[in-house]
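Quick note on this note's numbering: the sequence shown kicks off at 52 and runs consecutively.
Taking it in order: structure first as structure tokens, then the write-up.
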Amino acid sequence: SPHPPQELRLSSSTGLEGMHLAPGLLLAAGEQSLACCRLQVLQLSKLNLAGPIPELLSQCTWLHVLELQSNKLTGPIPASLALCKHLYTLALHGNTLSGAVPASALASLSSIATLTLGGEAGGNPQLYVTRSGAAAITSALSEAELHLPKIVADNYSPPPTTDELPAGWKAATSPDGKTYYYHKESKRTQWRFPTAAPSDTKGEAVGGKSAGTAADLAETEVA
Numbered sequence: 052s053p054h055p056p057q058e059l060r061l062s063s064s065t066g067l068e069g070m071h072l073a074p075g076l077l078l079a080a081g082e083q084s085l086a087c088c089r090l091q092v093l094q095l096s097k098l099n100l101a102g103p104i105p106e107l108l109s110q111c112t113w114l115h116v117l118e119l120q121s122n123k124l125t126g127p128i129p130a131s132l133a134l135c136k137h138l139y140t141l142a143l144h145g146n147t148l149s150g151a152v153p154a155s156a157l158a159s160l161s162s163i164a165t166l167t168l169g170g171e172a173g174g175n176p177q178l179y180v181t182r183s184g185a186a187a188i189t190s191a192l193s194e195a196e197l198h199l200p201k202i203v204a205d206n207y208s209p210p211p212t213t214d215e216l217p218a219g220w221k222a223a224t225s226p227d228g229k230t231y232y233y234h235k236e237s238k239r240t241q242w243r244f245p246t247a248a249p250s251d252t253k254g255e256a257v258g259g260k261s262a263g264t265a266a267d268l269a270e271t272e273v274a
């Protein structure tokens, strides 16, 4: 028979560098201070875990991989995850999270390579961001807002409607709340409202960098 939901609790694990629990196993109980400063990989997917995402995870500042997907977790995504500066994989899809996505916090995770958000399996679509960069994450969250009814992004202003933009251009918002524009084919980004397709000349890029640098925007895919 299916296992009942288990509350996600964390215990102290000094010196632990990786943890993976197979489906059906219980996570050790006891919400003591999480002294797992060396923990780099935490994989807790498909364990039927319930309850909120623990704020204590922010104490694992060396985390590289955090996978909590396909559980029964509820509540908001903790903004304190921004303290895990080394995260490059953050998988939270397949839960019933709600509230505002802490876009400003996630955008500060400059090492992020894969970010997955979304609702229950077979329910809400999921958002995949597969390239690092603060602007890319913030842009992806803003684009996905209408597609994730239980998860909406904060810290950005609604961009102009796409009907107002020339073909190929899209509007997005930088981490500090400023609207900018990018051309999906050429990857050009600029602050000015576009009036036509970009020319062959390299244009002004967000952050003062030309197109083709780290300022490029990640493509998003909503499944």
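Positions of the beta carbon are idealized from the N, C-alpha and C atoms, including for glycine.
Buried/exposed call for residue i, threshold 16 Cβ in 10 Å
i	result
W242	exposed
A218	exposed
I163	buried
T246	exposed
L141	buried
Contact check, residue i vs residue j, beta carbons under 8 angstroms
i	j	result
A223	L216	no
G150	G169	no
L134	E118	no
L114	L143	no
W14	Y231	Beyond the ends of the chain as shown, which are 52 and 274, falls residue 14; an answer cannot be given.
L100	L124	yes
T167	Q120	yes
Pick from the options that is closest to residue i, judged by C-alpha positions
i	options	result
P103	Q91, T112 and T147	T147
L132	N122, L124, S121 and A154	A154
A130	V152, Q120 and T240	V152
L98	V92, Q91, G145 and S237	G145
R89	Q120, L100, S121 and V116	V116
I128	H234, T240 and P105	P105
| said: Does the contact criterion of 3 or more C-beta pairs under 8 angstroms hold for the stretch 152-166 versus the stretch 93-113? | reply: With the cut-off at 8 angstroms, the stretch 152-166 and the stretch 93-113 do not touch.
| At what residue ranges does the stretch 84-159 contain a whole run of the alpha helix (DSSP H), taking only runs of 4 or more? | Within the stretch 84-159, the complete alpha helix (DSSP H) segments of 4 residues or longer fall at 154-158, listed in chain order.
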